[in-house]
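**Student:** The end of the sequence shown is residue 183 by UniProt numbering, with every number in the run present. Note that CB positions come from ideal geometry on N, CA and C, so glycine has one too.
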Amino acid sequence: MKTEFKPQRLDVRTFAETGETLSGTIALRSLERLSELLHGAADGEVRWQARGEIQQRLGAPEEVWLDLRIEADVPLECQRCLDTVAIPVLIDRPFLFAADEKAAAELDAESDEDVLVLSRAFDLGALIEDEVLLALPIVPRHETCPQPIPVSFEADTGNGDDASEPARPNPFAKLAALKKSDK
């Protein structure tokens, strides 16, 4: 009997032991934390593929691995022109699973890969959302904005003939008067 794996409640060890591959798509709007950042019509989706495997190294215990590949174009607000910019996300990363928190902390200190805790009900969708969020730039912007950036400031001519603005009193004038009265 073949085991059917669900990304919302993935038994990672069994998934790795069978060497199965899962793939699918997730609508950008359905990812709660990511949807708060989206700009414009975000009808896109995240395409993902996960493959589990058990690796046995000489003289070491079995290791449970999950290889995750994610592709998406995430529409964010360009911080320069405030228009929509599609940020391409491409992630191809292996994850090592440890039996418990203590083992994960020890392995994480030694390993270059990310180490997660083994679970019989692992939420692969949450991991996918986490990875997409971590891949996004802090300040999204176009390489070159499609429209010229509007500049809305008045240039100061420096001649002091600005009739539209009343002259403001110098805040240090009273100090100057006090200084003169002390003499």
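Pull up the distance between the alpha-carbon of T18 and that of D123, whole angstroms please.
**Tutor:** 18 Å
**Student:** Per DSSP, residue 244 forms a beta bridge with which residues?
**Tutor:** Past the edges of the chain, shown from 1 to 183, lies residue 244, and the structure says nothing about it.
**Student:** For E45 and L90, I'd like the C-alpha separation in whole angstroms.
**Tutor:** Cα to Cα, E45 sits roughly 13 Å from L90.
**Student:** Less than 8 Å separating the beta-carbons of I87 and I128?
**Tutor:** With respect to I128, I87 sits apart: the two C-beta atoms are not nearer than 8 Å.
**Student:** What three-state label does DSSP hand P148 in the structure shown?
**Tutor:** coil
**Student:** Return the first residue and the last residue of the alpha helix (DSSP H) that S119 is part of.
**Tutor:** Run containing S119: none; DSSP gives neither H nor E here.
**Student:** How close, in whole Å, do the beta carbons of L66 and A16 come, if the pair is a contact with beta carbons under 8 Å?
**Tutor:** 7 Å
**Student:** Taking DSSP as the reference, what is the three-state secondary structure of R51?
**Tutor:** strand
**Student:** Tell me which residues share the same chain as T25 and place their Cβ nearer than 7 Å to its Cβ, disregarding the 5 neighbours each side in the sequence.
**Tutor:** Around T25: E45, V46, R47.
**Student:** Buried or exposed: E131, going by 16 or more other Cβ atoms within 10 Å of its Cβ?
**Tutor:** buried
**Student:** For I138, which three-state DSSP category applies?
**Tutor:** coil
**Student:** So, helix, strand or coil for P7, using DSSP?
**Tutor:** helix
**Student:** With respect to the beta strand (DSSP E) encompassing S23, which residues constitute its N-terminal and C-terminal limits?
**Tutor:** 21 to 27
**Student:** Which of helix, strand or coil does DSSP assign to D73?
**Tutor:** Strand.
**Student:** For V74 versus L136, is the C-beta spacing smaller than 8 Å?
**Tutor:** At a Cβ-Cβ threshold of 8 Å, V74 and L136 count as neighbours.
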